[in-house]
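S.K.: In full-length UniProt numbering, the protein residues as written are 1 to 439.
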């Protein structure tokens, strides 16, 4: 049996349907005397709701989707055209792999401006360019946000050579140059400078050249507690862009209306912000100075404690070593004399001490002996055992504040021969005279 057509589904024509009694192969019909079964009618093949659903599917596939796709394509083409027509000046993005010094970029930009000055303009305006900030935009922005300065920004597009009104009539105008002082600075760059390119995007610049003024501004809001000022933020308060000013105006009028009046409007509030920033800066400097003084004082106290502890440890070390050296002032027997070095030590106060060191001792032992004598600890006693001393003085090395030198030229200093054995030094073995000199 063929399936019902769409027309039949919509208008309810289900067509002829065979019943069980009409089917020749039905066993009940084939048996003589069989009971006739009740006929049960089947439901319609497709309901009216399903018919409309099927119809809507056909309409969606055949009509709606092609229209949507066509509209998307049209919008995409229009977007591309608008970007090309309205934002063609911003298509000259710098290469992301280009590595440049922003300060060099700014200096080159200023030099290019100086080279582009026409002779007639140079004659008319002898002072020429305003004082462009010699630094990166980040540094200029820091001056505006942390020092409360007005910041002029001049952005150009190298490919837009015909737009010269702003440069020739505004930038080079002496009325404009007179604006700048210690609290008003100007920074410039072209789109080849990554900083200038990013700044143009952030300011939504659509035409070049662009001249704008940035400064800190804030809004005063009324609250139940009274007027409250929002935190200051950098804002663009005035701008001109493109090749011409519409409607045409006298350059001096443009400078006065666009910039001088705007600066006068925001100057009182900016003076307050500038004072607050200065107070904040001085408070920060004072806080850091106090922290530095505190840390320096803590460090000095720590150094004093360490020096005191080290001095006590050195004295304890010398008292322990005194037992080893107390017999050195006694001359050895004649039979043992060859195994000793006789060293005469002359101290700064002209006193002399004669000591007899075993030839196997190191030069460092001579220094330790001298330090014991200097501190008057030669006859002192110590209660430390050998094991306790090894544990306590394991990494300890005493610091000597004197040197031992020969009295005759060349005046050899033994400080560099600490690890040498006495018998290896002709200056002191078998006999020698050493001068003890304070450092």
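Note that CB positions come from ideal geometry on N, CA and C, so glycine has one too.
Just so it is clear, the structure is predicted and the values come from calculations on it, not from any experiment.
Can you give me the start and stop residues for the alpha helix (DSSP H) that residue 111 sits inside?
M.R.: Here residue 111 refers to the residue found at position 111 of the chain shown. Element bounds for residue 111: 102-115.
S.K.: Roughly how many whole angstroms lie between the Cα atoms of residue 113 and residue 190?
M.R.: Counting from one through the chain shown, the residue named residue 113 turns up at place 113. Counting from one through the chain shown, the residue named residue 190 turns up at place 190. Answer to the nearest angstrom: the Cα atoms are 11 angstroms apart.
S.K.: Mapping the DSSP letters down to three states, classify residue 208 as helix, strand or coil.
M.R.: Here residue 208 refers to the residue found at position 208 of the chain shown. Three-state DSSP puts residue 208 in coil, outside helix and strand.
S.K.: Does DSSP put residue 431 in a helix, a strand or coil?
M.R.: Here residue 431 corresponds to residue number 431 of the chain shown, with the count starting at 1. Of the three classes helix, strand and coil, the one that applies to residue 431 here is strand, per DSSP.
S.K.: DSSP puts residue 213 in a beta bridge; with which residues?
M.R.: In the chain shown, the residue the question calls residue 213 occupies position 213. DSSP output for residue 213 lists 152 and 238 as bridge partner(s).
S.K.: At 3 residues or longer, what runs of the beta strand (DSSP E) sit wholly inside the UniProt domain "UBX" (336-435)?
M.R.: 340-346, 352-358 and 402-405
S.K.: Once you ignore the five residues that flank residue 280 on each side, which residues in its own chain have a CB closer than 6 angstroms to its CB?
M.R.: Within the chain shown, the letter at position 280 stands for residue 280. Hits under 6 angstroms: none found.
S.K.: Are at least three pairs of beta-carbons, each pair with one atom in the region 241-259 and one in the region 270-287, less than 8 angstroms apart?
M.R.: no
S.K.: Quick check: the region 196-206 against the region 146-157, are there 3 or more CB pairs under 8 angstroms?
M.R.: yes
S.K.: Three or more beta-carbon pairs under 8 angstroms between the region 230-240 and the region 175-189, yes or no?
M.R.: no
S.K.: Going by beta-carbon coordinates alone, are residue 403 and residue 413 separated by less than 8 angstroms?
M.R.: Walking along the chain shown from the start, residue 403 turns up at place 403. Walking along the chain shown from the start, residue 413 turns up at place 413. Taking 8 angstroms as the cut-off, the Cβ atoms of residue 403 and residue 413 count as close.
S.K.: Given a threshold of 16 other Cβ atoms within 10 Å of its Cβ, counted over all protein chains shown, does residue 387 qualify as buried or as exposed?
M.R.: If you number the chain shown from 1, residue 387 lands on position 387. Classification for residue 387: exposed.
S.K.: If you draw a straight line from the C-alpha of residue 375 to the C-alpha of residue 439, how long is it?
M.R.: As a position in the chain shown, residue 375 is number 375, starting the count at 1. As a position in the chain shown, residue 439 is number 439, starting the count at 1. Going by the C-alpha atoms only, they are around 16 angstroms apart.
S.K.: Can you tell me the Cβ-Cβ gap for residue 170 and residue 254, rounded? I've got them flagged as a contact below 8 angstroms.
M.R.: If you number the chain shown from 1, residue 170 lands on position 170. If you number the chain shown from 1, residue 254 lands on position 254. Indeed they touch by this definition, with Cβ atoms about 7 angstroms apart.
S.K.: Give the range of the alpha helix (DSSP H) segment to which residue 268 is assigned.
M.R.: Working through the chain shown from its first residue, we reach residue 268 at position 268. Annotation: the continuous alpha helix (DSSP H) that includes residue 268 extends over 261-325.
S.K.: Please classify residue 172 as buried or exposed, where buried requires at least 16 other C-beta atoms within 10 Å of its C-beta.
M.R.: For the purposes of this step, residue 172 is taken as the residue at position 172 of the chain shown. Buried, by the Cβ-count rule.
S.K.: So, helix, strand or coil for residue 60, using DSSP?
M.R.: As a working mapping, residue 60 is identified with position 60 in the chain shown. The answer is helix: DSSP assigns residue 60 an H, G or I state.
S.K.: Consult DSSP for residue 252 and reduce its assignment to one of helix, strand or coil.
M.R.: Locating residue 252 in the chain shown gives position 252, counting from the first residue. Helix at residue 252.
S.K.: Using beta-carbon positions only, say whether residue 307 and residue 377 come within less than 8 angstroms of one another.
M.R.: In the chain shown, counting from the first residue as 1, residue 307 sits at position 307. In the chain shown, counting from the first residue as 1, residue 377 sits at position 377. The Cβ atoms of residue 307 and residue 377 lie no closer than 8 angstroms to each other.
S.K.: State buried or exposed for residue 193, treating a residue as buried only when at least 16 other CB atoms are found within 10 Å of its CB.
M.R.: Start at 1 with the first residue of the chain shown, and residue 193 comes out as number 193. The residue in question, residue 193, is buried, as its Cβ has 16 or more Cβ neighbours within 10 Å.
S.K.: From 118, 117 and 136, pick the residue whose C-alpha is nearest to that of residue 107; which is it?
M.R.: By 1-based counting over the chain shown, the position of residue 107 is 107. The shortest Cα separation from residue 107 among 118, 117 and 136 belongs to 136.
S.K.: In whole angstroms, what is the alpha-carbon distance linking residue 145 and residue 101?
M.R.: Position 145 of the chain shown, counted from the first residue, corresponds to residue 145. Position 101 of the chain shown, counted from the first residue, corresponds to residue 101. About 22 angstroms.
S.K.: Is residue 169 helix, strand or coil when you go by DSSP?
M.R.: Residue mapping note: residue 169 aligns to position 169 of the chain shown, counting from 1. Here residue 169 sits in helix by DSSP.
S.K.: Could you give the C-beta distance for residue 314 and residue 398, rounded to a whole number, given that I count them as a contact under 8 angstroms?
M.R.: In the chain shown, the residue the question calls residue 314 occupies position 314. In the chain shown, the residue the question calls residue 398 occupies position 398. Residue 314 to residue 398, Cβ: 5 angstroms. Contact.
S.K.: For residue 390 versus residue 366, is the C-beta distance shorter than 8 angstroms?
M.R.: Translated into the one-based positions of the chain shown, residue 390 becomes position 390. Translated into the one-based positions of the chain shown, residue 366 becomes position 366. No, these two residues do not count as a Cβ contact at 8 angstroms.
S.K.: Please report how far the alpha carbon of residue 289 lies from the alpha carbon of residue 298, in whole angstroms.
M.R.: Reading the chain shown from its first residue, position 289 is the one you call residue 289. Reading the chain shown from its first residue, position 298 is the one you call residue 298. Answer to the nearest angstrom: the Cα atoms are 14 angstroms apart.
S.K.: What does DSSP give as the partner residue(s) for residue 201 in the beta ladder?
M.R.: Counting from 1 along the chain shown, the entry for residue 201 is found at position 201. DSSP lists no partner for residue 201.
S.K.: From residue 111 to residue 269, what does the alpha carbon distance come to, in whole angstroms?
M.R.: Position 111 of the chain shown, counted from the first residue, corresponds to residue 111. Position 269 of the chain shown, counted from the first residue, corresponds to residue 269. In a straight line, the C-alpha of residue 111 is about 35 angstroms away from that of residue 269.
S.K.: Using a beta-carbon distance below 8 angstroms, is residue 299 in contact with chain D?
M.R.: The structure shown contains no chain D; it is built from a single protein chain.
S.K.: Which word fits residue 273, buried or exposed, when buried means at least 16 other C-beta atoms lie within 10 angstroms of its C-beta?
M.R.: The residue labelled residue 273 in the question sits at position 273 within the chain shown. Label assigned to residue 273: buried.
S.K.: Per DSSP, residue 190 forms a beta bridge with which residues?
M.R.: Position 190 of the chain shown, counting from 1, holds the residue named residue 190. Residue 190 is bridged to 156.
S.K.: If you run the structure through DSSP and keep just helix, strand and coil, what is residue 437?
M.R.: Taking the chain shown and counting its residues from 1, one reaches residue 437 at position 437. The answer is strand: DSSP assigns residue 437 an E or B state.
S.K.: On the DSSP letters alone, give me the boundaries of the alpha helix (DSSP H) that residue 330 sits inside.
M.R.: Position 330 of the chain shown holds residue 330. Careful: residue 330 lies outside any alpha helix (DSSP H) and carries neither H nor E.
S.K.: In angstroms with no decimal places, state the Cα-to-Cα distance between residue 64 and residue 76.
M.R.: Position 64 of the chain shown holds residue 64. Position 76 of the chain shown holds residue 76. Each residue's Cα considered, the two are about 19 angstroms apart.
S.K.: Give the secondary structure of residue 175 by DSSP, where H, G and I count as helix, E and B as strand, and everything else as coil.
M.R.: The sequence position of residue 175 within the chain shown is 175, counting from 1. Looking at residue 175 - three-state DSSP - the assignment turns out to be helix.
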